[in-house]
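Novice:
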Amino acid sequence: MAGVDDERGTDGTDRPDGTDRTDGEVRARLYVRGRVQGVGFRWWTRSRARELGLVGHARNTADGRVEVVAQGAAEAVDALEVLLREEPSTSGRPGRVDAVVRQEAVPTDGTTGFVER
Numbered sequence: 001m002a003g004v005d006d007e008r009g010t011d012g013t014d015r016p017d018g019t020d021r022t023d024g025e026v027r028a029r030l031y032v033r034g035r036v037q038g039v040g041f042r043w044w045t046r047s048r049a050r051e052l053g054l055v056g057h058a059r060n061t062a063d064g065r066v067e068v069v070a071q072g073a074a075e076a077v078d079a080l081e082v083l084l085r086e087e088p089s090t091s092g093r094p095g096r097v098d099a100v101v102r103q104e105a106v107p108t109d110g111t112t113g114f115v116e117r
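The numbers in the UniProt record's numbering rise by one with no breaks, and the one at position 114 of the sequence shown is 114.
Below you can see the structure in the form of structure tokens.
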């Protein structure tokens, strides 16, 4: 989706030559649909992402989904996706998840922490 990550350039990097990449890391946008707004879903996602050592953010979208941008080790990003999809949740995830759509993105340097937006 265009314009989703406003702090980056149009090609997914901060530099015009596209060299703003972090070796060994992946970055994914996960769009989560279901009863995920107003139930503590972003807080829960932030907590799980931090436990997995990921950086990024979780934010509500105007169409009722939650966008999760997660960057870190591929195994950790995959583990977060499994937790997001798991139904029923064994990890105390609030709300209900009907679908998760994953889009790969270019890892960026300088991203720190995992926050709710």
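Here a beta-carbon is modelled for each residue, glycine too, at the ideal position from N, C-alpha and C.
Pop quiz: Leu54 and Ala74 are said to be a contact at Cβ under 8 Å. What is the actual Cβ separation, rounded to whole angstroms?
Specialist: Along the sequence shown, one-based indexing puts residue 54 at 54. Along the sequence shown, one-based indexing puts residue 74 at 74. Not really, about 11 Å apart at Cβ, beyond 8 Å.
Novice: Which whole-angstrom value is the C-beta distance of Arg85 and Val100, which I expect to be below 8 Å?
Specialist: For the purposes of this step, residue 85 is identified with residue 85 of the sequence shown, where counting begins at 1. For the purposes of this step, residue 100 is identified with residue 100 of the sequence shown, where counting begins at 1. So it is a contact: roughly 5 Å between Cβ atoms.
Novice: What whole-angstrom Cβ distance do Arg65 and Val32 have, given they're in contact under 8 Å?
Specialist: What you label residue 65 is simply residue 65 of the sequence shown in a count that begins at 1. What you label residue 32 is simply residue 32 of the sequence shown in a count that begins at 1. Yes, Arg65 and Val32 are in contact; Cβ-Cβ is about 6 Å, under 8 Å.
Novice: For Val97, which of helix, strand or coil comes out of DSSP?
Specialist: For the purposes of this step, residue 97 is taken as residue 97 along the sequence shown, with counting starting at 1. Three-state result, Val97: strand.
Novice: Rank Phe41, Val82, Arg117, Phe114 by C-alpha distance to the C-alpha of Arg102 and give the top, closest one.
Specialist: Along the sequence shown, read from residue 1 onward, the residue named residue 102 stands at position 102. It is Val82 whose Cα lies nearest to the Cα of Arg102.
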